[in-house]
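Trainee: I am attaching a structure below and will ask some questions about it afterwards.
2 protein chains.
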Amino acid sequence: MKKLIKGLAQAAVYTGVNVQEGEEVYVISSVHAVELTHEVVRLCYERKAKRVVVRYRDDELTRLDYAHQTIDTLTHKPQYVYDERNYFARDDVKGCVISILCSDPNGLKDADGNKISAAHRADMKGLTPYYDKAMSHKVKWSIIAYPHPEWAKLMFPDLKPKDALKKLGKYIAKTTRVDNDNPAAAWEKHNAELKARSKKLKELNIKELHYVNKLGTDLIVGLPEGYVFGGGSDICGGVSFNANMPTEEVFSAPDCRNINGVVKASMPLCYGGKIIEGLSLTLKDGRITDYSADTNLDILKGIIETDEGSRSLGEVALVPYNSPISKLHTLFYETLFDENASCHFAIGEAYPTCIEGGKDMSRDELTKRGLNYSDVHVDFMVGTKDLNITATTRDGKTVPVFVDGNFTKEFE
Amino acid sequence: MKKLIKGLAQAAVYTGVNVQEGEEVYVISSVHAVELTHEVVRLCYERKAKRVVVRYRDDELTRLDYAHQTIDTLTHKPQYVYDERNYFARDDVKGCVISILCSDPNGLKDADGNKISAAHRADMKGLTPYYDKAMSHKVKWSIIAYPHPEWAKLMFPDLKPKDALKKLGKYIAKTTRVDNDNPAAAWEKHNAELKARSKKLKELNIKELHYVNKLGTDLIVGLPEGYVFGGGSDICGGVSFNANMPTEEVFSAPDCRNINGVVKASMPLCYGGKIIEGLSLTLKDGRITDYSADTNLDILKGIIETDEGSRSLGEVALVPYNSPISKLHTLFYETLFDENASCHFAIGEAYPTCIEGGKDMSRDELTKRGLNYSDVHVDFMVGTKDLNITATTRDGKTVPVFVDGNFTKEFE
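Just so you know, the protein sequences line up as chains A and B, in that order.
Residues in the first sequence are numbered consecutively from 1, following the working numbering.
Residues in the second sequence are numbered consecutively from 413, following the working numbering.
What follows is the structure, given as C-alpha cells:
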C-alpha cells in the first residue's frame, strides 16, 4: 500500500491537477484514505501550494443522513456547504480540486431513491459556480480512487477482505499507470496517443455516428458542426491537467437535437450509492421519450426528470473493448473505471470544450450549436464485444469507426 | 473501547448538549475518533435531530498547514470556514455544537509560535458570532475527549502504546463519569453538588479572594457586585447542558479592574499544540504588567498581546486538590482535564453569565460591571496542595475558603 500511496499521490498532484506555486488546493477525501491524503497534501505543499484544504467524507455518516433527514432538510443545506467548493473556482482564487474516491458503491442501497435524486439535484444547483468552471476547464480538477474495504468486497466477493483490498489496490495502480517507475512519463505517452486519436476523429468531419449491437442498441447520434474530440489531458490557464485518472476515452458532445433510436446499457450504473441495472433509453429528435431499468428505476427517473437538459444526452465517448481496463474483465461498480472500459454516453450536460471556441461561448450560443445544458451529467456504459459504430461524414461518406467492439485500424 | 464509545456518546448527546427534536448538531471531531463519531451521530438522530454535520480534523494536516502556509494565509481564511460554525449559532437555527477532542497536545511543537498565535486570533475573530453566543449560553455546546495515540504516549511514556491508549481510555471514562451503569444519574447528582457549592459561594457575598501558596502566588482578586458562581450544567433556552465533560470546577468572573499581585502556574499549559511551562503573571489594578514563562514564551506573549482584554483575567475557578481528577496525580496536558484538577484563572474574556442578569446585558453594561472582554479565553492552572484562599466579604468579614489546597468544611 505504501507504494500505491506514493504513486497515487504523485499522479494526483503532478499529472492530475498539476499543482503550481501559489495555488489553493481543495482535497475531497475519505476517512478511509487518511494516509494517502497526508501524502497528497505533502506533495501539494512541496509544489509550493498556498493553501491546502481537506474535506473528509465518511460513508457511514452519509448513510445516517439519508436515513434520518427529511427530503426538505437534504435539499436545503446551509449556504456555506456550497461556498466551500465554489471558493476554489472563484475568479480571484487560483484554485484546483482533487477528489479521492474511496467509498462503498453500494453504500446507500437501503436509502430512499427520491431523497438521493433530490439531494443530488440540490447539490448540483448549489455547486453551479464550481461545475460551470469545471466543465469548461476554467478550474483544474482531478479524480483518483483509493481502495475501500466494502468496494473491494463488492468487486471480489470470493476473496478474503484483506486480499480483496490488495487486489483492488493492484488494479487501481495498474489502470492509473502508477505501477511503473515513471508514472509521469507513462501519462505523457498515453496523453499523446489519445490526442492523436482525437485529432483523426475531428478530421473525419463526422455528421452522425450509428451504433448497433446485439444487446439491442440501434442509435444514430448527430455531432454538432465544429465538434472537437477531447481525450487525455486538458488545458486550464496554460497548464495541463488530467481530470480523470484513469482515462481511456476520447469524447465529444452530441448535437442534442439529433439523436434517434434505442440505447441499452451494457453494464450496471452506480449512482449515489445505488446500482441501476438494465438501463434502456429511447430517443427521438434528441429527447428521451421512454426509459426503463431492471433495478432502481426511481433513481434513473430522478436523474432524467431533473430538468429540461436531463432528457437528452451530453457526451459521446469512445473506448475500445480491448482497452486496458476492459481487459481486466472486472466490473468496478465505479464510473471512473467502468466508463473507461466501455463506450459510453452521458445523460445531461455537455462539455463546452467539445466544440471549437466553446469555452468562451455564452450559454445561448452553445445551445444554438446543439450543446446540451443540465444540472446533471451521468455517464452510462454501452460498449460491447460486438458493437459496431459507423460514421456518416458531412461530405456523404460512410466510414466504419468501430468493428466488433474496437476501433478500426485507422483510429487505433 | 466499545463500552467507552457507547458511554462517551451518551454523555455528549444526552448530558452534554442534550439534543432536542429538530435541532441541528455540529460535531467537530478527528479522524482518530471515527467510531465514536458514528455513535454520537446515531444518537443525535435517535433524539430526532434535524441535521448532523461532522467536521473531521486531522493533526497531521494542521501540522503541514503551519509548516507551509504563510502567516498571511493562515490569518486570512476563506469566509466559509467561519460561516460553518457560526451557522449553528444563528438566531434562525436551533443549533448546538459537540467537540470531540482527540489530538496530540504536543502536535505543533515544531511550529512557529507567532503563526499559531496569529492564526488563533484570526480564528477567534472570525468565530465571534459563535463565541459570543457560546459564552452567554445562547447556544448549547459540549466538549468531550477521546484517546489519541500520541496523547496517550505523552501521558504514559513508560507504557506500551496499546496499554497507554487503554489507560487513557480508562481515565477518560472515570473522569467523565461514564464508567458506571447510569452515567446520566451520576451527572445529575454531580451537577446538584456543584450547584449547592456555587449557591453558598454567592451567599457569602465576597468582595475579594486572597490566594497564597509557597510556589509564589500572592494574589488578591476582586469579584464584581452581583457575581454568580457557575458550575455543572448550564441552561440554554430552558434546556440544561454540560459544556465541559469532565467538569469539577465552580467558577465566576473577577472584577477585571481589581486584581493585584503575583500568580504562578502550577501546571504546564497546553495551548495550540505547544506546552507553556513556568508561567508567571504580575497584575496591578487588573492589568498584567509583567509576564514570563520557561518555555514557549512567544506563545504566551501572543495570547497576552492579543487585545486590550487579554491583558487581564476573565475567570476565577475553584477546584479542590482532592478532586477526582487531581487524585489521579497525572498531568493530562489537556486543559479540559487539567483545569478540573486545579484552581485556575483564565486570561481574557469573562462569561457574561457570571453576573446576575449578565446574559442579557450589553457589552457596555458588562464592562461597567467589571467583566472583561477579549477575543481570547485561556485557562491556566494555579492550584497546589498548600494553596490557601481567604475571602473578604462585602460586610467586612474574613472567611477561609480554601485551606491546604481544599475547600473548608463549609463549602465541601
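C-beta: ideal position from N, C-alpha, C; glycine also.
In this text the structure is predicted, and so the values were computed from the model without any measurement.
Skipping 5 residues on each side, what residues in its chain have a beta carbon closer than 6 Å to that of B:Leu455?
Mentor: Here residue 455 of chain B refers to the residue found at position 43 when the second sequence is read from its first residue. Ala421, Val425, listed in sequence order.
Trainee: Tell me B:His622's beta-bridge partners as DSSP assigns them.
Mentor: Residue numbering aside, residue 622 of chain B sits at position 210 when the second sequence is read from its first letter. The partner list for B:His622 (beta bridge, DSSP) reads B:Ile632, B:Thr802.
Trainee: Hey, is A:Tyr80's beta-carbon within less than 8 Å of any beta-carbon in chain B?
Mentor: As a working mapping, residue 80 of chain A is identified with position 80 in the first sequence. Answer yes: the Cβ-Cβ gap between A:Tyr80 and chain B drops below 8 Å somewhere.
Trainee: By how many angstroms is the C-alpha of A:Ala196 removed from the C-alpha of A:Asp218?
Mentor: Here residue 218 of chain A refers to the residue found at position 218 of the first sequence. Here residue 196 of chain A refers to the residue found at position 196 of the first sequence. Our two residues, A:Asp218 and A:Ala196, have alpha carbons roughly 28 Å apart in a direct line.
Trainee: In angstroms, rounded to a whole number, what distance separates the CA positions of A:Thr408 and A:Val401?
Mentor: Your numbering for residue 408 of chain A matches position 408 in the first sequence. Your numbering for residue 401 of chain A matches position 401 in the first sequence. Taking the straight line joining both Cα atoms gives about 5 Å.
Trainee: So with Cβ pairs under 8 Å, would you call A:Lys301 a contact of chain B?
Mentor: Taking the first residue of the first sequence as 1, we reach residue 301 of chain A at position 301. Output row for A:Lys301: interface = no.
Trainee: Determine, using beta carbons only, whether A:Gln20 comes closer than 8 Å to chain B.
Mentor: As a first step, residue 20 of chain A is located in the first sequence; it is residue number 20 there, counting from the start. Closer than 8 Å: no.
Trainee: Which class does A:Cys102 belong to by DSSP, given the choice of helix, strand or coil?
Mentor: One-based indexing of the first sequence puts residue 102 of chain A at position 102. Three-state DSSP puts A:Cys102 in coil, outside helix and strand.
Trainee: What does a CB cutoff of less than 8 Å around A:Asp179 pick up in its chain, not counting 5 residues either side in sequence?
Mentor: Looking up residue 179 of chain A in the first sequence gives position 179. Sequence-distant Cβ neighbours of A:Asp179 in its own chain, meaning closer than 8 Å and more than five residues away, are Gly7, Lys170, Ala173.
Trainee: Which two residues bound the contiguous beta strand (DSSP E) that contains A:His329?
Mentor: Residue 329 of chain A sits at position 329 when you count from the first residue of the first sequence. Unbroken run through A:His329: none, as it is neither H nor E.
Trainee: At what residues does the beta strand (DSSP E) containing A:Ile347 begin and finish?
Mentor: For the purposes of this step, residue 347 of chain A is taken as residue 347 along the first sequence, with counting starting at 1. Per DSSP, A:Ile347 is one residue of the beta strand (DSSP E) stretching across 344-348.
Trainee: Using a Cβ cut-off of 8 Å (strictly closer), state whether A:His148 contacts chain B.
Mentor: Position 148 of the first sequence, counted from the first residue, corresponds to residue 148 of chain A. Output row for A:His148: interface = no.
Trainee: Thinking C-beta only, is A:Leu318 closer than 8 Å to A:Glu225?
Mentor: Working through the first sequence from its first residue, we reach residue 225 of chain A at position 225. Working through the first sequence from its first residue, we reach residue 318 of chain A at position 318. No, the Cβ-Cβ distance between A:Glu225 and A:Leu318 is not below 8 Å.
Trainee: With DSSP collapsed to three states, give me the class of A:Ala145.
Mentor: Residue mapping note: residue 145 of chain A aligns to position 145 of the first sequence, counting from 1. Here A:Ala145 sits in strand by DSSP.
Trainee: Using the beta-carbon of each residue, which ones in chain B are nearer than 8 Å to A:Asp104?
Mentor: Indexing the first sequence from 1 puts residue 104 of chain A at position 104. Chain B residues near A:Asp104: none, gap ~14 Å exceeds 8 Å.
Trainee: Distance cutoff 8 Å, beta carbons only. Does B:Gln481 sit that close to anything in chain A?
Mentor: Position 69 of the second sequence, counting from 1, holds the residue named residue 481 of chain B. Output row for B:Gln481: interface = yes.
Trainee: Cβ atoms of A:Asn213 and A:Asp386: under 8 Å apart, would you say?
Mentor: The residue given as residue 386 of chain A occupies position 386 in the first sequence. The residue given as residue 213 of chain A occupies position 213 in the first sequence. It is a contact, given that the beta carbons lie within the stated cut-off.
Trainee: Tell me where the alpha helix (DSSP H) around A:Leu281 begins and ends.
Mentor: Position 281 of the first sequence, counting from 1, holds the residue named residue 281 of chain A. Looking at the DSSP string, A:Leu281 is not in any alpha helix (DSSP H); the run it does join, the beta strand (DSSP E), is 280-284.
Trainee: By the 9 Å beta-carbon criterion, what residues does the region 523-552 of chain B contribute toward chain A?
Mentor: Residues passing the 9 Å Cβ filter: none.
Trainee: State the CB to CB distance for the pair A:Tyr82 and A:Leu36, rounded to an integer number of angstroms; the pair is presumed to be in contact (CB under 8 Å).
Mentor: What you label residue 82 of chain A is simply residue 82 of the first sequence in a count that begins at 1. What you label residue 36 of chain A is simply residue 36 of the first sequence in a count that begins at 1. With a Cβ gap of about 26 Å, A:Tyr82 and A:Leu36 do not count as contacting.
Trainee: For A:Tyr56, write down the residues that DSSP places opposite it in a beta bridge.
Mentor: As a working mapping, residue 56 of chain A is identified with position 56 in the first sequence. According to DSSP, A:Tyr56 bridges with A:Ser29.
Trainee: Comparing C-alpha positions only, which one of B:Met413, B:His549, B:Val453, B:Leu476 sits nearest to B:Met773?
Mentor: Residue 773 of chain B sits at position 361 when you count from the first residue of the second sequence. Measuring from the Cα of B:Met773, the nearest candidate turns out to be B:His549.
Trainee: Considering only the alpha carbon of each residue, which of B:Ile715, B:Lys676, B:Ser678, B:Asp667 lies closest to B:Gly684?
Mentor: Indexing the second sequence from 1 puts residue 684 of chain B at position 272. Among B:Ile715, B:Lys676, B:Ser678, B:Asp667, the Cα nearest to that of B:Gly684 belongs to B:Ile715.
Trainee: Taking the alpha carbon of A:Ser103 as the reference point, which residue from A:Lys48, A:Ala89, A:Ile288, A:Lys274 has its own alpha carbon closest?
Mentor: Taking the first sequence and counting its residues from 1, the one referred to as residue 103 of chain A is at position 103. Ranking the options by Cα distance to A:Ser103, first place goes to A:Lys274.
Trainee: So, helix, strand or coil for A:Asp179, using DSSP?
Mentor: Locating residue 179 of chain A in the first sequence gives position 179, where the first residue counts as 1. Under the three-state reduction of DSSP output, A:Asp179 falls in the coil class, being neither helix nor strand.
Trainee: Span of the beta strand (DSSP E) holding B:Ala421?
Mentor: To locate residue 421 of chain B, count along the second sequence from 1; it is residue 9. Counting along the chain, B:Ala421 falls outside any beta strand (DSSP E), though it belongs to the alpha helix (DSSP H) covering 414-422.
Trainee: Please list, in chain order, the chain A residues whose beta carbon lies closer than 8 Å to that of B:Arg459.
Mentor: In the second sequence, residue 459 of chain B corresponds to position 47, counting from 1. Those do not exist, as B:Arg459 stays about 10 Å from chain A at its closest Cβ, beyond 8 Å.
Trainee: Indicate whether the contact test is met: 3 or more Cβ pairs, each with one atom in the region 501-520 of chain B and one in the region 692-700 of chain B, closer than 8 Å.
Mentor: Verdict: no, contact absent.
Trainee: Which of helix, strand or coil does DSSP assign to B:Lys545?
Mentor: Residue mapping note: residue 545 of chain B aligns to position 133 of the second sequence, counting from 1. In the structure shown, B:Lys545 sits in a helix (DSSP, three-state: H, G or I).
Trainee: Closest Cβ-Cβ distance between B:Val402 and chain A: below 8 Å?
Mentor: The shown model of chain B, from 413 to 824, leaves out residue 402 of chain B, and the question about it has no answer.
Trainee: From A:Asp307 to A:Lys301, what does the alpha carbon distance come to, in whole angstroms?
Mentor: Taking the first residue of the first sequence as 1, we reach residue 307 of chain A at position 307. Taking the first residue of the first sequence as 1, we reach residue 301 of chain A at position 301. Taking the CA atoms as reference points, A:Asp307 sits about 11 Å from A:Lys301.
Trainee: Quick check: is the beta carbon of B:Val453 nearer than 8 Å to any beta carbon in chain A?
Mentor: Within the second sequence, the letter at position 41 stands for residue 453 of chain B. Cβ-Cβ to chain A under 8 Å: yes for B:Val453.
Trainee: Compare the beta carbon distance of B:Ala665 and B:Glu615 with 8 Å and say whether it is the shorter of the two.
Mentor: For the purposes of this step, residue 665 of chain B is taken as residue 253 along the second sequence, with counting starting at 1. For the purposes of this step, residue 615 of chain B is taken as residue 203 along the second sequence, with counting starting at 1. Taking 8 Å as the Cβ cut-off, B:Ala665 and B:Glu615 do not qualify as a contacting pair.
Trainee: Return the Cβ separation of A:Arg57 and A:Ile28 in integer angstroms, given the expectation that the two are a contact with Cβ distance under 8 Å.
Mentor: Here the question's residue 57 of chain A lines up with position 57 in the first sequence. Here the question's residue 28 of chain A lines up with position 28 in the first sequence. Yes, they are in contact, since the Cβ atoms of A:Arg57 and A:Ile28 sit about 7 Å apart, within 8 Å.
Trainee: Give the secondary structure of A:His38 by DSSP, where H, G and I count as helix, E and B as strand, and everything else as coil.
Mentor: On the first sequence, residue 38 of chain A is found 38 positions in, with the first residue counted as 1. In the structure shown, the three-state DSSP call for A:His38 is helix.
Trainee: Kindly list, in the order they appear in chain D, the residues whose Cβ is closer than 7 Å to that of B:Glu496.
Mentor: Here chain D cannot be found, since the structure's protein chains are A and B.
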